[in-house]
Amino acid sequence: MKKTSFGKLLLLFLLSLFLIGCSEVSIEKFNLSEDKIFIELGDDFKLPNVKAIDSKGNELTPVIVVKDEDGNVIEIENNTFVATTLGIYEVTYTVTLNKNNTISKSFEIEVFDLTKPVIENEYEDNIYAPNGMSYDLNKISVSDNSGENITPVIDVFLNGDELDIASEILELNQEGTYVIQVTAEDSSGNKTIKEYKVFTVLDAESQVSYDNEFVHTQITDKFARSGKYSYEVGVFDTNISWFNDNYLLGKVKIDTDKPILSFWILFDTTGAGFNGQVLYKYFSHETKIFNAYGDPVEINWQNMYEIDDQRWYRFEVDMTKPQEAGKTMEFLSDYFVEIGVWDYDISNNATKPTNAYIDDIKIVDRTYDFSSEYDQKKVFPIPTEDEPVVVVDDLENSEGFVVGGNIKGLSSDYFISGEYSLKLEAYPTNNWITIANLFPNLKMPDGYNRLYFHIYLPMESQGVYSINGLTNPAFYREIDGVYTQIQLSPYNTYEIPTNEWVLVGFDVTEAGVGFVVE
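Per the working numbering, numbering of the sequence shown is gapless, rising by one per residue and ending at 1433.
(1) Grab me the residues of residue 945's own chain with a C-beta within less than 7 Å of its C-beta, minus the 5 sequence neighbours each way, in chain order.
(2) What does residue 1114 pair with, by DSSP beta-bridge criteria?
(3) Can you tell me which of the three DSSP states residue 994 falls into?
(4) Just to confirm the assignment, what range does the beta strand (DSSP E) spanning residue 1278 have?
(5) Residue 1374: buried (16+ other C-beta within 10 angstroms of its C-beta) or exposed?
(6) Excluding sequence positions up to five away, which residues of its chain have a Cβ less than 8 Å from the Cβ of residue 1083?
(7) Within 10 angstroms of its Cβ, does residue 1283 collect 16 or more other Cβ (buried), or is it exposed?
(8) If we call anything under 9 Å between Cβ atoms a contact, is residue 1271 one with residue 1418?
(9) Looking only at its chain, what residues have a beta carbon closer than 7 Å to the beta carbon of residue 983, apart from the 5 residues adjacent to it on each side?
(10) Could you tell me the alpha carbon to alpha carbon distance between residue 1281 and residue 1236, rounded to whole angstroms?
(11) Would you report the Cα separation of residue 1210 and residue 1227, rounded to the nearest angstrom?
(12) Ends of the beta strand (DSSP E) at residue 1060?
(13) Got a sec, what are the start and stop residues for the beta strand (DSSP E) residue 1234 sits in?
(14) Note down, in chain order, each residue of its chain lying with its Cβ closer than 8 Å to the Cβ of residue 1245, except the 5 sequence neighbours on either side.
(15) Which partner residues of residue 904 appear in the DSSP bridge assignment?
(16) Thinking just about the alpha-carbon of each residue, which of 1221, 1079, 1201 is nearest to the one in residue 1238?
(17) Just tell me which of 1230, 1287, 1251 has its CA closest to the CA of residue 1197.
(18) Report back the beta-carbon spacing between residue 1034 and residue 1055 to the nearest angstrom; my notes put them in contact at under 8 Å.
(19) Do you know whose CA, among 1119, 1123, 1101, 1103, lies nearest residue 1110's CA?
(20) May I ask you to report which of helix, strand or coil DSSP gives residue 1286?
(21) Please report the residue range of the beta strand (DSSP E) in which residue 1179 lies.
(22) How many angstroms separate the CA atom of residue 1368 from the CA atom of residue 1400?
(23) Can you tell me which residues form a DSSP beta bridge with residue 963?
(24) Spell out the partners DSSP gives residue 1099 in its beta bridges.
(25) Go ahead and pull the three-state DSSP assignment for residue 1247.
(26) At a cut of 8 Å, does the region 1086-1103 reach the region 1126-1142 through at least three beta carbon pairs?
(27) Going by beta carbon distance, what residues of the same chain come within less than 6 Å of residue 1258, once the five residues before and after it are set aside?
(28) For residue 1286, which residues from the same chain have a beta carbon less than 8 Å from its beta carbon, with the 5 sequence-adjacent residues on both sides left out?
(29) Using only the alpha-carbon positions, how far apart do residue 1319 and residue 1371 sit?
(30) Check each candidate in 970, 978, 1173, 1220 and name the one with the smallest Cα separation from residue 1193.
(31) Where do the ends of the beta strand (DSSP E) carrying residue 1048 lie?
(32) From what residue to what residue does the beta strand (DSSP E) around residue 1205 run?
(33) With distances taken from CA atoms, which of 1223, 1140, 1145, 1232 is nearest residue 1173?
(34) Between residue 1128 and the rest of its own chain, which residues show a CB-CB distance below 6 Å, the 5 nearest in sequence each way excluded?
(35) Less than 9 Å separating the beta-carbons of residue 1099 and residue 1130?
(36) With distance defined between alpha-carbon atoms, name the residue in 1390, 1149, 1145 nearest to residue 1268.
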């Protein structure tokens, strides 16, 4: 009996040991990756939510300890800590069932720094200050994810030449473009360079462009109203549509209380590969448009402005008169227009990107005199009896003229002298005709390079027409025996009266004179 009792007791003892063993934490249920993790300095790191399971299925919450490279314990809040120093962090998860039953697992976090310092400035990135300004360099500051105290290096350039900085307050009152270049570098070698620009003159001659957040803007020498350079603006780079809001000028802070914004603009549809015309439909602020001679451009019958290709026009904007109340101009980009581009080749709105060229931007008083910016009108004297004049052809015969196309030969229907004139078919298919190679055998006498002839357009009612394609043209009406020169119209055409003889003069640059009649 004793032997049997001892065996039972031994069996019970071994069973109790087995049950105690079954209450230990199961390592297989403590799932934590021990792979190294990489994070950026200053980042918040959310620690993995890991649970351990004991043999009875109960969840055991581990205790988490984070230490930096020096062994300092890092504060954890809401299961998150902030990596404030570079180096290797050790994260340890410990699960304890009792003092004799503890399991720990660890992994490393390597903290690196690839973040560049952040440069901040109380001034705007681009400023137009026509009267100059005082620039306080103390308003430039640097922050970094490392928490380091970084002193920026500041260099100042005027039209590309570096200036000596003698004070933290800069007086920017010379003509041109100031570039304030700020450099900041942290202890990890991360460097930031940022430029701030102050324009006292906006004419592109400094070859520094303002920033335009809407379309590409760059310096070019393809066209220039004055000097050598202008600002090329991709008006229809991203949105080619019939009429669309277009911000011609960049985000440049206006540092003046003067009311009038003026700038010159030219469109280049020819460079875009088509024969086009630009139309302006809407302006955010009251706007007047002038041609190169200072003549105002009038609104057409569609209540729009028609602007010819590759010609300079001056926009004059009253910044105090917005179309919508309260829309004041703080930046140049607050001014916008609705622009449409017509493609004559397809008789429809243009479908190709078109560049505009802007030059001589300025903000001035209402009393500013723009006369010096305009071209002088060319006045060509007509020949008189006292001057040497060579009569090339009196049109009494058809010798020297090629009959064909629009040229129909001699006619006695209309003439100003003699009994004949050269008859041209005026409107064969549409409003425009081209008279090509009109004088194919014309040889200008030595010392003569200007040709005159009379032209007459008969119509049932009075009207006007225009002629293009001549070099340095001049047109004259004879009124009471006196010839008066016809001036260029606001649409850059010569409006010539019908049903009367008009004298035409132009420079002959090559044999075979031709022109276009509308």
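Backbone N, C-alpha and C define an ideal beta-carbon position, used for all residues, glycine too.
So, to answer that:
(1) If we look at residue 945 and ignore the five residues flanking it on each side, its Cβ neighbours are 967, 1010, 1018, 1020.
(2) 1043, 1092
(3) In this structure, residue 994 counts as coil in the three-state DSSP scheme.
(4) In this chain, the beta strand (DSSP E) harbouring residue 1278 covers 1270-1279.
(5) exposed
(6) 1051, 1052, 1053
(7) Around the beta-carbon of residue 1283, fewer than 16 other beta-carbon atoms lie within 10 Å, marking it exposed.
(8) no
(9) 989, 1000, 1002, 1004
(10) 13 Å
(11) 12 Å
(12) Careful: residue 1060 lies outside any beta strand (DSSP E) and carries neither H nor E.
(13) 1228-1237
(14) 1168, 1169
(15) Nothing can be reported for residue 904: it is not among the residues displayed for the chain, which extend from 916 to 1433.
(16) 1201
(17) Nearest to residue 1197 by C-alpha distance, out of 1230, 1287, 1251, is 1251.
(18) 7 Å
(19) It is 1123 whose Cα lies nearest to the Cα of residue 1110.
(20) helix
(21) 1175-1183
(22) 14 Å
(23) Answer is none; residue 963 lacks a bridge partner.
(24) 1107
(25) Reduced to three states, the DSSP call for residue 1247 is helix.
(26) With a cut-off of 8 Å on Cβ pairs, the region 1086-1103 is not in contact with the region 1126-1142, counting fewer than three such pairs.
(27) 1189, 1191, 1265
(28) 1209
(29) Note that residue 1319 scores 49 on pLDDT, short of 50, meaning its location in the model is unreliable; the coordinates nonetheless yield the value given after this. Each residue's Cα considered, the two are about 19 Å apart.
(30) If we check each option's Cα against that of residue 1193, 1220 comes out closest.
(31) Here the beta strand (DSSP E) through residue 1048 covers 1048-1051.
(32) 1200-1205
(33) 1232
(34) 1166
(35) Going by beta carbons, residue 1099 and residue 1130 fall outside the 9 Å limit.
(36) With respect to the C-alpha of residue 1268, the residue from 1390, 1149, 1145 having the closest C-alpha is 1149.
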